[in-house]
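**Student:**
Chains as they are written, first to last, in the working numbering: chain A, 1 to 131; chain B, 132 to 270.
In structure tokens:
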């Protein structure tokens, strides 16, 4: 493993993987990141996001997620109290080396977006049994 | 003789209705940031209470009317992962919470309904007959 890859993994292990980009019009959604032996799993809270408006993009070792909120209130509604902020979601993550970016899968359920990022073959953890 | 119509006052005083709804909005049993965000809106025949509850299913949520308040309790289930999983980042909130809303008199508590979709809980609180706007025609 080269020095560079090593650094990438160290960064990955810390919270530095998550790059928060501050753009006022966007909400930065809360995220969980898990590492399994074969993949990284990213889960983002996108409550009320319009299913057809969710975009997951991979470009130059960066994973970006965009979403827009479904309209919360009908017309002719007088909003008395307002805590649910913003109209769109946006968050970006740095991808570490050793990811199979062509096999990334995403799923949206109960207002949570799950993105599974498989590790490339050489980065997976395998146990080798002694014969 | 003076006749009192206590039930009717909210109809004549919208601001008061709003205040009734929000005063003592919540017993903050946890720090503010732990509580899910809420919107309250008023429509012609109902109030709408919208709560952000990502990752929750309707089975995880309990809604009840207690002593003139509406109480929403919920707990988000932890994800199940295979053995050997490492948590690299954990920002989502999985602690149980409770949020209490003071109900205005103008709500028909027997007609309250709720639905859950894509992490958004929407509770509809119909107004009582007396609180609904009505046009009275001049004969």
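Positions of the beta carbon are idealized from the N, C-alpha and C atoms, including for glycine. All of these numbers come straight from a predicted model, not from anything done at the bench.
May I ask you to list the residues that DSSP assigns as paired with residue 98 (chain A)?
**Tutor:** To locate residue 98 (chain A), count along the first chain from 1; it is residue 98. Bridge partners of residue 98 (chain A): none, in fact.
**Student:** Is DSSP giving residue 247 (chain B) helix, strand or coil here?
**Tutor:** Walking along the second chain from the start, residue 247 (chain B) turns up at place 116. It is a strand residue.
**Student:** Which term fits residue 104 (chain A), buried or exposed, when burial requires 16 or more other beta carbons within 10 angstroms of its beta carbon?
**Tutor:** Looking up residue 104 (chain A) in the first chain gives position 104. The residue in question, residue 104 (chain A), is buried, as its Cβ has 16 or more Cβ neighbours within 10 Å.
**Student:** Within the segment 193-261 of chain B, note down every full alpha helix (DSSP H) run reaching 4 residues or more, in order along the chain.
**Tutor:** None, since the segment 193-261 of chain B contains no complete alpha helix (DSSP H) of that length.
**Student:** Of the choices A:82, A:60, A:56, A:99, whose alpha-carbon is the least far from that of residue 68 (chain A)?
**Tutor:** Against the first chain, residue 68 (chain A) aligns to sequence position 68. Residue 68 (chain A) has its Cα closest to that of A:56, out of A:82, A:60, A:56, A:99.
**Student:** Report the CB separation of residue 118 (chain A) from residue 97 (chain A) in whole angstroms; it is logged as a contact under 8 Å.
**Tutor:** The sequence position of residue 118 (chain A) within the first chain is 118, counting from 1. The sequence position of residue 97 (chain A) within the first chain is 97, counting from 1. Not a contact, Cβ separation roughly 14 Å.
**Student:** Taking residue 200 (chain B) as the query, report the chain A residues whose CB atoms sit under 8 Å from its CB, ordered along the chain.
**Tutor:** As a position in the second chain, residue 200 (chain B) is number 69, starting the count at 1. Near residue 200 (chain B) there are no residues of chain A at all, since even the closest Cβ is about 15 Å away, more than 8 Å.
**Student:** In the DSSP assignment, what are the bridge partners of residue 119 (chain A)?
**Tutor:** Reading the first chain from its first residue, position 119 is the one you call residue 119 (chain A). DSSP lists A:99 as partners of residue 119 (chain A).
**Student:** Can you find the residues in the same chain that come closer than 7 Å, C-beta to C-beta, to residue 38 (chain A), ignoring five residues on each side of it along the sequence?
**Tutor:** As a position in the first chain, residue 38 (chain A) is number 38, starting the count at 1. So the list reads 118, 119, 124, once near-sequence residues are dropped.
**Student:** DSSP puts residue 137 (chain A) in a beta bridge; with which residues?
**Tutor:** The structure shown has nothing for residue 137 (chain A), since chain A only spans 1 to 131.
**Student:** Looking only at C-alpha atoms, which of A:94, A:102, A:29, A:41 sits nearest to residue 114 (chain A)?
**Tutor:** Here residue 114 (chain A) is taken as the residue at index 114 of the first chain, counted from 1. Ranking A:94, A:102, A:29, A:41 by Cα distance to residue 114 (chain A) puts A:41 first.
**Student:** Since residue 228 (chain B) and residue 166 (chain B) are thought to touch, with beta carbons under 8 Å apart, how far apart are those beta carbons, to the nearest angstrom?
**Tutor:** Here residue 228 (chain B) refers to the residue found at position 97 of the second chain. Here residue 166 (chain B) refers to the residue found at position 35 of the second chain. So it is a contact: roughly 6 Å between Cβ atoms.
**Student:** Just the C-alpha distance for residue 61 (chain A) and residue 236 (chain B), rounded to the nearest angstrom, thanks.
**Tutor:** As a position in the first chain, residue 61 (chain A) is number 61, starting the count at 1. As a position in the second chain, residue 236 (chain B) is number 105, starting the count at 1. Cα to Cα, the separation comes out at about 56 Å.
**Student:** Quick one: what's got a C-beta closer than 6 Å to residue 193 (chain B)'s C-beta in the same chain, skipping five residues either side?
**Tutor:** What you label residue 193 (chain B) is simply residue 62 of the second chain in a count that begins at 1. Same-chain partners within the cutoff: 204.
**Student:** Would you say residue 196 (chain B) faces chain A, with C-beta separation under 8 Å as the test?
**Tutor:** The residue labelled residue 196 (chain B) in the question sits at position 65 within the second chain. Taking Cβ atoms only, chain A never reaches closer than 8 Å to residue 196 (chain B), which makes this a no.
**Student:** Rank B:219, B:254, B:188 by C-alpha distance to the C-alpha of residue 31 (chain A) and give the top, closest one.
**Tutor:** Here residue 31 (chain A) refers to the residue found at position 31 of the first chain. Closest by alpha carbon: B:219.
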